[in-house]
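A.B. asks: Just so you know, the sequences run in chain order A and B.
Reminder that position 199 of the first sequence reads as 199 in our numbering, one-by-one numbering, no gaps.
Reminder that position 126 of the second sequence reads as 1126 in our numbering, one-by-one numbering, no gaps.
All residues carry an ideal CB built from backbone N, CA and C; glycine is no exception.
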Amino acid sequence: MTLVDVKGVTKRFGGLTAVSDVDLTVNAGEVHCLIGPNGAGKSTLFKLIVGLYPPTKGSIFFDSIDITEERPFARVQRGMSIKMQAPSVFKELPVRQNIQIALQARFSGAERDVEEERLLTLLDLASESGKLAGALSHGQQQWLEIGMALALQPQLLLLDEPTAGMSPEETFKTGELIKSFNAEGMTVLVVEHDMAFVRQIAQRVTVLHLGKIFARGSLETIIQDEKVAEIYLGKTHAH
Amino acid sequence: MFKLLDGPQTLGRGRTFWSCFLAVLAAALIYPVFADSYDVGNFSYFLIWVFMALGLCLMWGYGGMLSFGQTFFFGISGYAYGVLAINMGGGTATIAALVLSVIIAMIAAGILGYFMIWGGISGIFFGIVTLSATLVLAFFLGQTAGPEWHIGTARLNGFNGMKGMDPLTIGDFYIEGSALYYVMVALIVIVYIALRMLVNSRIGNVIVATRENPQRAEMLGYDVRKYQLLTFVIGSGLAGLSGALYTSWGQFITPSSIGLPAAAMPIVWVAFSGRSDLTATLVGSFLLLFGFQTITVYSQQAALVLMGTLLLATVMLAPQGFVLGVGKLVVDRWTRRRRGDANSAVAETGRLQSDEA
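Set out below in structure tokens:
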């Protein structure tokens, strides 16, 4: 079943076409990675899907509903959850309050308290819960933001470079966390540069180049595609 | 419900804080017994402005919206009270006039806020638009001296001021002097408690999240515009309450209560006090108003210069506010002392146990 259906979407900024006539489908239950070299239009496409940019042309469907005109909060209420590229936690508020603000959208009372402790433990932030979120390390802030996105228990988790600034251990752990949520049925769409991370989690991959779909398929197909290797992976990484 | 009184968004919690609160409240309640009626009247006057300061604290400190429009809503409500009280014939109808004038201010805030917030105005532009609205109202009311400017039997009267309205009245009893003072104290307690509960509630969580990072808050599924509008309407409504009470207190209002110097005052009170805490704003604003009024008796210019100096000093030395800074220092010291006591008690227990062994 198709959960996200991007149909013929174009985004222009003045004379620059960042995304051109892109079709993309994300199936329910898969981990789908969006990759491509710098300037390929990955983040723009991501922002079009989450509703931060209105498309110049084309439509976006979520669960067969046209959400092209909807604001981000309405898309989140439909079952999306988003983590942006740069950590955007509430820096002047304590870690625990960050989690509470995310959780209160879905939970209340004792249920919320249980979920709060579960998430803090899962994110290894229980001992830091009283600290201001801005005082956490970059990697911890990334984790906190992923936790806030997970707190919404979404159908679709959208992650824009979730491991930027993380150590290899943290990156691996994040991959395992994403896989565990996917195993429970959550669909995940990830924009990512780190190919090791993509190899760890991806089930399907779409390659963007110069704002257009360049290739798509399973991870193995993409890795073995020489044209992809030329534009993005570098030939030495292709095999 | 009472859990909301002591939450993460407000400084001061627990038995010690609430004991101090009750002690101050008790002192405020017995004050008129010992003070003369002139001083009680002056205290009522200071208290009138505290609502406006608390409203700005909610909008600016908690919601991140710096509004220069507090005197705009003060003026709308103040004039509305005058017009309604005069046209409704005074007496008990003044209570209805008070309520209606606050509602009118909130409706005006709803309309202005809707266009600003849905139009994407934020940051410094929010201040510019609200200040513009304030100056337009002050300018408009300033040229209403002619007899053609009246609403029903109420003449607006330009800079000569609108007068002739009754003070708050129940039956034949005028709520003035000590009675007005007690009404003010009761209203401040109600508003303060209600605001504490609001900012510590789920709604308050979203309000501060919106201040911190509106895009992130929206990405959690909150329509931040609605929360901003709610904050703006409540904060402006409190300015409206100040306006209606002011007109009722002095039975007089002029455009000078709305113009630029008046519009800057709430900013100074709240910035000096500590915009991110209701208690600091309550205490600081009262102290500043008291000081300002005392100095004004000798020289109004000197009082204005002092206010400007205080604002500069706040920006340069204590951007979070002087009263809040002192409050946090006291709380830190108190907490450390209690921890120290607890640690020495543990150490003493350990020493005794080792002695026994």
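Using DSSP with H/G/I as helix, E/B as strand and the rest coil, what is A/Lys245?
C.D. replies: For residue 245 of chain A there is no data in the structure shown, the boundaries of chain A being 1 and 239.
A.B. asks: B/Tyr1182 to B/Val1040, Cα distance in whole Å?
C.D. replies: 10 Å
A.B. asks: Under 7 Å between beta-carbons, which chain A residues line up against B/Leu1011? List them in chain order, please.
C.D. replies: Per Cβ cutoff of 7 Å: no residues; B/Leu1011 is ~14 Å from chain A at best.
A.B. asks: Checking contacts by CB at 8 Å: is B/Gly1078 closer than that to chain A?
C.D. replies: no
A.B. asks: Would a check of beta-carbon distances place B/Gly1171 closer than 8 Å to chain A?
C.D. replies: no
A.B. asks: At a Cβ threshold of 8 Å, is A/Ile99 touching chain B?
C.D. replies: No, because no Cβ of chain B sits closer than 8 Å to the Cβ of A/Ile99.
A.B. asks: Which residue or residues does DSSP assign as beta-bridge partners of A/Cys33?
C.D. replies: Under DSSP, A/Cys33 takes part in a beta bridge, and its partners are A/Val190 and A/Val205.
A.B. asks: Using C-beta distances below 8 Å, list every residue in its chain close to A/Pro72, excluding the 5 sequence neighbours before and after it, in chain order.
C.D. replies: Correct list, in chain order: Val50, Gly51, Leu52 and Ile82.
A.B. asks: Quick one: residues in its chain with C-beta nearer than 6 Å to the C-beta of B/Met1265, no 5 flanking neighbours on either side, listed in chain order?
C.D. replies: none
A.B. asks: Going along the chain, which residues of its own chain have a beta-carbon closer than 6 Å to the beta-carbon of A/Asp225, five neighbours each way excluded?
C.D. replies: Ala215
A.B. asks: Name the chain B residues whose beta carbon is nearer than 9 Å to that of A/Leu152?
C.D. replies: Leu1220 and Gly1221
A.B. asks: In whole angstroms, what is the alpha-carbon distance linking A/Ala18 and A/Leu210?
C.D. replies: 7 Å
A.B. asks: May I ask you to list, following chain order, the residues of the stretch 1196-1208 of chain B that have a beta carbon less than 9 Å from some beta carbon of chain A?
C.D. replies: Arg1202, Asn1205, Val1206 and Val1208
A.B. asks: Roughly how many angstroms lie between the CA atoms of A/Leu119 and A/Arg204, to the nearest whole one?
C.D. replies: 28 Å
A.B. asks: Give the straight-line distance between the Cα atoms of B/Tyr1269 and B/Gly1284, rounded to the nearest whole angstrom.
C.D. replies: For the sequence presented, residue 1269 of chain B should be read as Trp rather than Tyr. Cα-Cα distance, rounded: 7 Å.
A.B. asks: Tell me, please, whether the CB atom of B/Arg1216 is closer than 8 Å to any CB atom in chain A?
C.D. replies: Closer than 8 Å: yes.
A.B. asks: Please list, in chain order, all residues of the same chain as A/Asn98 whose beta carbon is under 7 Å from its beta carbon, the five residues on each side excluded.
C.D. replies: Excluding positions up to five away in sequence, the list reads Val89, Phe90, Ala133, Leu144 and Met148.
A.B. asks: Considering A/Lys179, what are the terminal residues of the alpha helix (DSSP H) in which it resides?
C.D. replies: Pro168 to Ala183
A.B. asks: According to DSSP, is A/Asp160 part of a helix, a strand, or is it coil?
C.D. replies: strand
A.B. asks: Whole angstroms are fine: how far does the CA of B/Thr1094 sit from the CA of B/Cys1057?
C.D. replies: 28 Å
A.B. asks: Apply the 10 Å Cβ neighbour rule to B/Tyr1037 and answer buried if 16 or more other Cβ atoms are within range, or exposed otherwise.
C.D. replies: Contrary to the premise, residue 1037 of chain B reads as Ser rather than Tyr in this sequence. So B/Ser1037 counts as exposed.
A.B. asks: Could you give the uninterrupted runs of the alpha helix (DSSP H) lying entirely in the stretch 1246-1325 of chain B, keeping only those of 4 residues or more?
C.D. replies: 1260-1273, 1278-1298 and 1300-1317
A.B. asks: For A/Ser127 and A/Leu150, what's the separation of their Cα atoms in angstroms?
C.D. replies: Between A/Ser127 and A/Leu150, the alpha-carbon positions lie close to 20 Å from each other.
A.B. asks: Can you tell me which of B/Ile1151, B/Met1184, B/Ile1203 and B/Ile1253 puts its alpha carbon nearest to the alpha carbon of B/Tyr1227?
C.D. replies: Nearest neighbour of B/Tyr1227 by Cα position, chosen from B/Ile1151, B/Met1184, B/Ile1203 and B/Ile1253, turns out to be B/Ile1203.
A.B. asks: Answer with yes or no whether the minimum CB distance from B/Glu945 to chain A is below 8 Å.
C.D. replies: Nothing can be reported for residue 945 of chain B: it is not among the residues displayed for chain B, which extend from 1001 to 1357.
A.B. asks: Of all Cβ atoms in chain A, is any one closer than 8 Å to the Cβ of B/Pro1008?
C.D. replies: yes
A.B. asks: Are the stretch 1112-1125 of chain B and the stretch 1184-1204 of chain B touching by the rule of at least three beta carbon pairs closer than 8 Å?
C.D. replies: By the criterion of at least three beta-carbon pairs nearer than 8 Å, the stretch 1112-1125 of chain B is not in contact with the stretch 1184-1204 of chain B.
A.B. asks: Measuring straight from C-alpha to C-alpha, what distance separates A/Val9 and A/Gly79?
C.D. replies: 21 Å
A.B. asks: A/Ser81 lies in the beta strand (DSSP E); which residues open and close that run?
C.D. replies: Met80 to Lys83
A.B. asks: Identify each residue in the stretch 153-183 of chain A for which the Cβ-Cβ distance to at least one residue of chain B is less than 8 Å, and report them in chain order.
C.D. replies: none
A.B. asks: Checking 8 Å against the spacing of the C-beta atoms, do B/Leu1278 and B/Leu1195 come in under that value?
C.D. replies: B/Leu1195 is positioned such that its CB atom lies closer than 8 Å to that of B/Leu1278.
A.B. asks: I want to verify the contact list: residues of chain B whose CB lies under 8 Å from the CB of A/Glu92, in sequence order.
C.D. replies: Glu1212
A.B. asks: Which term fits A/Leu45, buried or exposed, when burial requires 16 or more other beta carbons within 10 angstroms of its beta carbon?
C.D. replies: buried
A.B. asks: Taking only the alpha-carbon atoms, compute the straight-line gap between B/Gly1007 and B/Leu1022 and give it to the nearest angstrom.
C.D. replies: Rounded to the nearest angstrom, the two C-alpha atoms are 18 Å apart.
A.B. asks: So which residues on chain B does A/Ala102 lean against when the C-beta distance must stay under 7 Å?
C.D. replies: Leu1220
A.B. asks: Between A/Ala28 and A/Thr187, is the Cβ-Cβ spacing less than 8 Å?
C.D. replies: yes
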